[in-house]
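Visitor: Protein chains in written order, with the numbering used here: chain V, 1 to 380; chain A, 1001 to 1380.
Note that the Cβ used here is the ideal one computed from N, Cα and C, for glycine as well.
Have a look at the structure that comes next, please.
There are 2 protein chains.
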Amino acid sequence: MDQTLLMLPGPTNVSNRVLQAISKNVVNHRSAIFGEILTETSQLMSKVFKTNNQSYLLTGSGTAAMEAAIANILNPNDKVLNVISGKFGERLRDITNVFGGNSVALNIEWGDCAKPEDIKEELEKNEDIRAVTVVHNETSTGVAAPIKKIGKVLKDYDTLYVVDTVSSLGGDHVDVDKYGIDICFTGSQKCLAAPPGMAAVTVSDDGWKVIDNVKSSTYYLDLKKYRKYGVGTPPETPYTPSVTLIYGLYEALKIIEEEGLDARIKRHEKAAKATREAAKALGLKLFPKEEISSATVTAINMPDGMSDSELRGTMRNEYKVELAGGQDHLKGNVFRIGHMGNITYKELAITFSALEMTLKKLGFDVDLGSGVAEVSKVFI
Amino acid sequence: MDQTLLMLPGPTNVSNRVLQAISKNVVNHRSAIFGEILTETSQLMSKVFKTNNQSYLLTGSGTAAMEAAIANILNPNDKVLNVISGKFGERLRDITNVFGGNSVALNIEWGDCAKPEDIKEELEKNEDIRAVTVVHNETSTGVAAPIKKIGKVLKDYDTLYVVDTVSSLGGDHVDVDKYGIDICFTGSQKCLAAPPGMAAVTVSDDGWKVIDNVKSSTYYLDLKKYRKYGVGTPPETPYTPSVTLIYGLYEALKIIEEEGLDARIKRHEKAAKATREAAKALGLKLFPKEEISSATVTAINMPDGMSDSELRGTMRNEYKVELAGGQDHLKGNVFRIGHMGNITYKELAITFSALEMTLKKLGFDVDLGSGVAEVSKVFI
């Protein structure tokens, strides 16, 4: 129990079962045995994406998957509508620019989220948008975008729908085929609760049509190669993958299958609600409006007169609970509680118990136990 | 003992100590504790590279490091001299082309290696070569290139020296600073004997001068970002790294430090010699000439009338020893024994015992024990 509890929007706490899985012996990545593991892991991944498309496993961070999603679909100067309401929306814009795309930015104030009608307006203004990028769950602001509704709008346009579900998949509703998502990607260390270092991407038939007409501008993340090697005998990746992390991802996906995806999402929604109620009971103010707030991470305004190092430093050093700070211009203005992966009432009880003590220690007027009580009310 | 023995040119057998290290709990990748691990691992990495330059850890395959080495130094149409004597030399050429470079290929027959004077000749013919790429240890052919001598030639030219030591670092002589290497990179799963999925790259001052004048054509592998985050407080990587695999790499590098780099290289040289002597004693023919053969992988001609699936299939299925086949046009014509990482006489005794039985079973005339005897003669 003395181990630091990670309440971050990734990496999240990894279960012993997964830690045991990754410590198995490494096998030949070009063997039939590994081909089976790769195939099964990809299939489990597609189930979580809710897609009939093939999922490809990339050895790299979530940012590698972002790069794969963009670099493979762009010829020079292709227009991309980047919906930007936080740091990861900005990152997709930056990647678009690095790979020679022509970024049309739909900028939304941090803490708010894209409205489907705003996206429709941009598509009407610009006829030749090759792709629209949306971050489902903006961890920097704790806001979830309405990707289902946006998908409905995009069905009337000849454009690819690219959705970043790095910090939502496995913790919030994502239905790749039903929402009409062409390219969807995620990371291992968020709601899937595997160690960091793997990413996954899935591509629709329309996505492949575009990719097949694009000159590759990435070698390591060239999805055409992943497709080719993926149907080999045995199925392989083009370059040596992290066999070890794929063991971990496989085990994490088996755990998700056992829990059931719907039950898992409900658990995340409960954890989010409990976090919001508990924060409010302690007199704290939520950063985004509740109706658009994320199921996997909650951003909370820093109390007046309190510094980030005081609040998060005390939480970490005195109580061994690691929270996330604000990013970029939100640094010092918000702190964030990640409740993704394996989080239950237990971790939230610890977190709010620690937060209550921290706030009290720092001179803030709180009733000890009042936050934890709200957690219990949600989970009882 | 019933576990399959990997005698591949990567991934290699990972020690229990490293497997235990990777199963430790994941910590926050933006914490002071992780900053220390990152710093120490980078420092240990630089010691193995024998450089005073900073080493950067990339979450990805060796191919990610190849891409980082090329994509960061090229403006469109910059000339690169790609020395090609096998599959990985070809890969560096392909990456050069993908990133808009103008590849000048010095093609050498597979099984042979570049002569410094040939490289000199190319540099005299082409004044504006921005970089020369050399694969130190061409795993596809089992040949080591004379990177020290090539470095001496390159000192007279204003060009970057880019050396792929993916399958040699930690098993053969690499002295980045002394050889004048500007960009050197490696992978975790070869001679370092960590699990696959991490790569490392080191850059000289001259290398940085070039990188600072190049427009980034990669986002995930943009080395300028790695440099910036690497000197942060705490030191970080720009994107979530594989905390887990860095634990493993750290432990693997500590093991190398304990063994001593010189002793480790001597052990690899012994293993290579033992492998060659044993193969010859069994009547097998080495693919490359002995004087240029690799310290970490030995390529052997497939005996006449024997198929790859017979030889390697029997080794794998009957005797649980995994060897590598030939790549591209060498498929079916050679097989390869990797002897990198933690290999001692024990693994070679198993391998040659298995190979003797396999050959005999397949109707080849061998004296059982005659290969193993040669291994013992080298290691006694």
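Please identify the residue among V:THR296, V:PHE99, V:GLU258 and V:LEU368 whose C-alpha is closest to the C-alpha of V:ILE343.
Guide: Among V:THR296, V:PHE99, V:GLU258 and V:LEU368, the Cα nearest to that of V:ILE343 is on V:THR296.
Visitor: Leaving out the 5 sequence neighbours to the left and right, which residues in its chain are closer than 7 Å to A:ARG1017 when beta-carbon positions are compared?
Guide: Only GLU1251 and ILE1255 meet the Cβ criterion.
Visitor: Note down the Cα distance separating V:GLY332 from V:THR186, rounded to an integer number of angstroms.
Guide: Using only the alpha carbons, I get a separation of about 28 Å.
Visitor: Going by alpha carbons, who is nearest to A:LEU1282 out of A:LEU1223, A:ALA1354, A:LYS1120 and A:ASP1222?
Guide: Ranking the options by Cα distance to A:LEU1282, first place goes to A:ALA1354.
Visitor: Let me check one thing: in DSSP terms, what residues is V:GLU138 bridge-paired to?
Guide: The partner list for V:GLU138 (beta bridge, DSSP) reads V:VAL143.
Visitor: What residues of chain V sit near A:GLU1067, judged by a beta carbon separation below 8 Å?
Guide: Result: THR218, TYR219 and TYR220.
Visitor: Nearest to A:MET1198 by CA position, among A:VAL1334, A:VAL1214, A:VAL1162 and A:VAL1166, is which residue?
Guide: Among A:VAL1334, A:VAL1214, A:VAL1162 and A:VAL1166, the Cα nearest to that of A:MET1198 is on A:VAL1166.
Visitor: Under DSSP, the alpha helix (DSSP H) around A:ALA1193 begins and ends at which residues?
Guide: Run containing A:ALA1193: none; DSSP gives neither H nor E here.
Visitor: Does any residue of chain A bring its CB to less than 7 Å from the CB of V:GLN3?
Guide: Yes, its Cβ sits closer than 7 Å to a Cβ of chain A.
Visitor: Grab the span of the beta strand (DSSP E) containing V:ASN102 for me, first residue to last.
Guide: Looking at the DSSP string, the run of the beta strand (DSSP E) that includes V:ASN102 is 102-107.
Visitor: My output table needs one value for V:MET198: the three-state DSSP class, helix, strand or coil.
Guide: Three-state DSSP puts V:MET198 in a strand.
Visitor: Go to A:LEU1038, then tell me how far its alpha helix (DSSP H) extends in each direction, as first and last residue.
Guide: Looking at the DSSP string, the run of the alpha helix (DSSP H) that includes A:LEU1038 is 1032-1049.
Visitor: Count the other C-beta atoms from every protein chain shown that fall within 10 angstroms of the C-beta of V:PRO76, then say buried if there are 16 or more, exposed otherwise.
Guide: Burial call: exposed.
Visitor: Name, please, each residue of chain A whose Cβ falls closer than 9 Å to the Cβ of V:ILE95.
Guide: Those within 9 Å of V:ILE95 in chain A are TYR1219 and TYR1220.
Visitor: Between V:VAL243 and chain A, is the shortest Cβ-Cβ distance under 7 Å, so that the two count as touching?
Guide: It does; some Cβ of chain A falls within 7 Å.
Visitor: Is V:THR51 close to the ligand ATP? I mean its beta-carbon at under 6 Å from any heavy atom of the ligand.
Guide: The model depicted lacks the ligand ATP and carries no ligand whatsoever.
Visitor: Within its chain, find whatever has a CB closer than 6 Å to the CB of V:THR59; leave out the 5 residues flanking it on each side and keep chain order.
Guide: Here the set comprises PRO241 and SER242.
Visitor: Is there a Cβ from chain V that is less than 7 Å from the Cβ of A:PRO1076?
Guide: It does not: the Cβ of A:PRO1076 has no partner Cβ on chain V nearer than 7 Å.
Visitor: For the segment 1230-1241 of chain A, which residues have a beta carbon sitting closer than 9 Å to at least one beta carbon of chain V?
Guide: The segment 1230-1241 of chain A vs chain V, Cβ under 9 Å: THR1237, PRO1238, TYR1239, THR1240 and PRO1241.
Visitor: Using beta carbons (cut-off 7 Å, strictly below), is V:ILE22 in contact with chain A?
Guide: V:ILE22 counts as touching chain A.
Visitor: Give me, in chain order, the residues of the same chain whose beta-carbon lies closer than 6 Å to that of A:LYS1149; leave out the 5 immediate sequence neighbours on both sides.
Guide: So the qualifying residues of the chain are PRO1116.
Visitor: Check the Cβ-Cβ distances between A:THR1000 and every residue of chain V, and say whether any is below 7 Å.
Guide: No statement about residue 1000 of chain A is possible, as the shown extent of chain A runs from 1001 to 1380 and does not include it.
Visitor: Return the first residue and the last residue of the alpha helix (DSSP H) that A:LEU1311 is part of.
Guide: Its alpha helix (DSSP H) spans residues 1308-1317.
Visitor: Starting from A:PHE1185, follow its DSSP beta bridges and name the residues at the other end.
Guide: Partner(s): A:ASP1164 and A:VAL1201.
Visitor: Since A:LEU1057 and A:ILE1183 are thought to touch, with beta carbons under 8 Å apart, how far apart are those beta carbons, to the nearest angstrom?
Guide: The Cβ separation is near 15 Å, so there is no contact.
Visitor: Of the choices A:THR1004, A:MET1007, A:ASP1094 and A:TYR1219, whose alpha-carbon is the least far from that of V:ALA69?
Guide: V:ALA69 has its Cα closest to that of A:TYR1219, out of A:THR1004, A:MET1007, A:ASP1094 and A:TYR1219.
Visitor: With distances taken Cα to Cα, identify the nearest neighbour of A:ALA1299 among A:ASN1053, A:ALA1278 and A:PHE1034.
Guide: Ranking A:ASN1053, A:ALA1278 and A:PHE1034 by Cα distance to A:ALA1299 puts A:ALA1278 first.
Visitor: Since V:TRP110 sits in a beta bridge, which residues does DSSP pair it with?
Guide: DSSP output for V:TRP110 lists V:ASP112 as bridge partner(s).
Visitor: Does A:THR1063 get closer than 7 Å to chain V when you measure Cβ to Cβ?
Guide: Cβ-Cβ to chain V under 7 Å: yes for A:THR1063.
Visitor: For A:LEU1355, which three-state DSSP category applies?
Guide: It is helical.
Visitor: Can you list the residues of chain A that V:GLY60 reaches, using a CB-CB cut of under 8 Å?
Guide: Under the 8 Å cutoff, chain A gives THR1059, GLY1060, ALA1064 and TYR1220.
Visitor: Going straight from the alpha carbon of A:PHE1034 to that of V:MET306, what length do you get?
Guide: Each residue's alpha carbon lies about 26 Å from the other.
Visitor: Using a Cβ cut-off of 9 Å, pull out every chain A residue sitting near V:SER31, in sequence order please.
Guide: Simply THR1004, ARG1316 and GLU1322.
Visitor: V:SER55 lies in the beta strand (DSSP E); which residues open and close that run?
Guide: 55-59 is the extent of the beta strand (DSSP E) around V:SER55.
Visitor: Across which residues does DSSP place V:ASP172 in a beta bridge pair?
Guide: Looking at the DSSP assignment, V:ASP172 forms a beta bridge with V:LEU169.
Visitor: Give me, in chain order, the residues of the same chain whose beta-carbon lies closer than 8 Å to that of A:LYS953; leave out the 5 immediate sequence neighbours on both sides.
Guide: There is no way to answer for residue 953 of chain A, as the model of chain A reaches only from 1001 to 1380.
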